[in-house]
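One structure is given below, encoded as structure tokens.
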Amino acid sequence: MMKSFLIFGTIYLLVLKVSIIDAKLELVGTGDPNIDFVDSASSVTISMDEENQGDVIIAYIIQDKGTNTPEIQFIPASDLEVTGMKIIASGVEKIFNLVVTKRQDYESEYKSFVFDIWDNVDELQKQVNLKIKNIDDNVPFLTSNDLQCSIKEAECCDTGCEYLITDDDREMDQISWLINGEETDERFEFERIYPDNLKDNEMAITLKLRKELDYQDGSFYVINLSIKDTVHSPDPIRVVVPVIDVPNLPPVWVKIFHSKTFDGALEQEFQVEARDGDIGIDTKIYYQLNFDPIEDWNNKVSIYRDNGKISVGKLDEENRDTFTFKVKACEEGTDESEETCIEHEIVFILF
Ligand SMILES: [Ca+2]
Ligand SMILES: [Ca+2]
Ligand SMILES: [Ca+2]
Ligand SMILES: [Ca+2]
Numbered sequence: 627m628m629k630s631f632l633i634f635g636t637i638y639l640l641v642l643k644v645s646i647i648d649a650k651l652e653l654v655g656t657g658d659p660n661i662d663f664v665d666s667a668s669s670v671t672i673s674m675d676e677e678n679q680g681d682v683i684i685a686y687i688i689q690d691k692g693t694n695t696p697e698i699q700f701i702p703a704s705d706l707e708v709t710g711m712k713i714i715a716s717g718v719e720k721i722f723n724l725v726v727t728k729r730q731d732y733e734s735e736y737k738s739f740v741f742d743i744w745d746n747v748d749e750l751q752k753q754v755n756l757k758i759k760n761i762d763d764n765v766p767f768l769t770s771n772d773l774q775c776s777i778k779e780a781e782c783c784d785t786g787c788e789y790l791i792t793d794d795d796r797e798m799d800q801i802s803w804l805i806n807g808e809e810t811d812e813r814f815e816f817e818r819i820y821p822d823n824l825k826d827n828e829m830a831i832t833l834k835l836r837k838e839l840d841y842q843d844g845s846f847y848v849i850n851l852s853i854k855d856t857v858h859s860p861d862p863i864r865v866v867v868p869v870i871d872v873p874n875l876p877p878v879w880v881k882i883f884h885s886k887t888f889d890g891a892l893e894q895e896f897q898v899e900a901r902d903g904d905i906g907i908d909t910k911i912y913y914q915l916n917f918d919p920i921e922d923w924n925n926k927v928s929i930y931r932d933n934g935k936i937s938v939g940k941l942d943e944e945n946r947d948t949f950t951f952k953v954k955a956c957e958e959g960t961d962e963s964e965e966t967c968i969e970h971e972i973v974f975i976l977f
């Protein structure tokens with residue numbers, strides 16, 4: 627009620643103004659705060675938000691002389707169809723509503739229109755520039771060919787994993803992102819990057835590590851990434867990050883013992899087993915025995931290189947009760963170093 631009072635009040639004042647300056651065909655703004663109306667000497671510029679629902683009165687036409695309804699002439703003429711522009715009697719004499727009747731979309735190719743309001747009796751015209759204003763009506767989303775980008779453990783902090791965010795509103799500076807979940811938040815972060823060949827509805831981010839990953843802590847991570855613009859906060863996207871194990875750990879014993887006590891008159895068999903500490907690599911392990919110092923009984927104890935089975939001959943012929951030696955497990959195909967071999971002391975005790 628108040629609004630229509632104000633509008634008609636405005637119209638009345640404008641009619642007054644128009645009659646004072648004796649204009650014959652005039653456009654005036656509606657007072658709608660969502661519509662900008664700028665009248666310059668040569669033309670009128672009107673801006674309205676896209677995604678209008680239903681009819682929007684963008685201006686009033688005041689026709690002080692002439693009796694016919696003014697007409698519209700678009701350049702090009704086909705834009706009349708795009709806007710569905712109509713001139714409709716306002717109910718007040720000599721005043722007409724200029725109405726956009728079709729939905730406007732800033733993301734389409736139609737963002738601005740030029741047309742004349744034409745009074746063909748007195749051959750008066752007024753040029754109007756109608757501009758469609760962008761609003762944040764499109765949801766941002768993550769795109770990438772590389773949603774399964776893998777990361778090497780024990781390296782920091784660039785990963786080379788890049789992701790594209792697309793938002794057809796093209797206001798990329800309004801986009802923000804957030805990692806959900808403490809476990810991933812403390813390990814990962816995303817940073818904006820500026821590669822070549824980005825389209826104007828795209829931005830790029832790269833995954834960075836806050837600290838080195840350790841394959842032992844997990845062979846992959848799922849990062850729940852939320853992307854937001856000024857209006858939308860869609861469901862988080864799951865970015866899967868497999869971790870690549872690198873060979874940085876020595877083998878570990880799976881089956882081992884410190885001592886065995888047995889009857890030296892009987893032959894024995896024992897089993898030891900080790901595996902690669904880098905479980906993601908799982909290099910084959912081979913076994914050796916080391917005797918220190920070299921002694922006569924060495925040939926009575928042996929180990930199968932490939933499977934860690936220790937065979938013991940009859941030790942009762944030796945003139946002693948204890949036998950000490952070392953068993954060694956090494957990664958196949960690598961140097962015999964501290965990084966790739968482990969050693970363990972074993973004692974046999976005869977009873
Ligand atoms: Ca739109
Ligand atoms: Ca948007
Ligand atoms: Ca938009
Ligand atoms: Ca490793």
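Under our numbering, the first residue of the sequence shown is numbered 627, with each subsequent residue one higher. From the three backbone atoms N, C-alpha and C, an ideal C-beta is built for every residue, glycine too.
Whether residue i touches residue j by CB criterion (7 Å)
i	j	result
V869	S852	no
V848	V872	no
I714	I688	no
I801	F816	no
E779	L839	yes
P766	I805	no
I911	P877	yes
N755	T656	no
L824	K752	no
N764	D795	yes
I683	M674	no
G939	K926	yes
D793	T856	no
L724	C783	no
D690	F739	no
C956	E962	yes
S777	T785	According to the sequence displayed, residue 777 carries Ile and not Ser. In contact: I777 and T785 (Cβ atoms closer than 7 Å).
W923	A900	no
D947	L976	yes
E895	S937	yes
T709	D681	no
L653	A703	no
E676	I743	no
K886	F974	yes
N760	R729	no
F989	I698	Residue 989 lies beyond the stretch modelled for the chain, which goes from 627 to 977, so this question has no answer here.
Check: residue i C-beta below 6 Å from any heavy atom of ligand 4
i	result
L835	no
L875	yes
Y847	no
Y736	no
D904	yes
R820	The amino acid occupying residue 820 in the given sequence is Tyr; Arg does not appear at that position. No - ligand 4 has no heavy atom lying nearer than 6 Å to the Cβ of Y820.
Y913	no
V878	no
V841	According to the sequence provided, residue 841 is Tyr. The question's Val does not apply to it. Correct: Y841 has its Cβ closer than 6 Å to ligand 4.
V938	no
Proximity test, residue i beta-carbon vs ligand 3 heavy atom, cut-off 6 Å
i	result
D763	yes
N827	no
N723	no
D662	no
N760	yes
D795	yes
Contact test: residue i Cβ vs ligand 1 heavy atom, cutoff 6 Å
i	result
E733	yes
E677	yes
heavy atom of ligand 2 below 6 Å from residue i C-beta
i	result
D799	no
D861	no
D855	yes
Residue i Cβ short of 6 Å to ligand 5 heavy atom set
i	result
V869	Absent from the structure shown: ligand 5. Ligands present: ligand 1, ligand 2, ligand 3 and ligand 4.
request  = Let me know the alpha helix (DSSP H) ranges lying completely inside the region 804–842, each 4 residues or longer, listed in chain order.
outcome  = 808–811
ask   = Enumerated in chain order, which unbroken segments of the beta strand (DSSP E) with a length of 3 residues or greater are wholly contained in the region 916–972?
value = 927–929, 935–938, 948–957
request  = Kindly confirm or deny that the region 941–959 and the region 908–928 touch, where touching means at least three C-beta pairs closer than 8 Å.
outcome  = yes
query = For the region 885–895 against the region 853–865, are there 3 or more C-beta pairs whose distance is under 8 Å?
reply = no
request  = At 4 residues or longer, and completely inside the region 685–726: list those alpha helix (DSSP H) runs for me, N to C.
outcome  = 705–709
message = Quick check for students: name the residue ranges of the beta strand (DSSP E) that lie wholly in the region 731–776, counting only runs of 3 or more.
response = 738–745, 750–759, 767–769
query = Can you list, in chain order, the stretches of the beta strand (DSSP E) that have 3 or more residues and sit fully within the region 846–909?
reply = 846–854, 863–870, 878–881, 885–888, 894–897, 899–901
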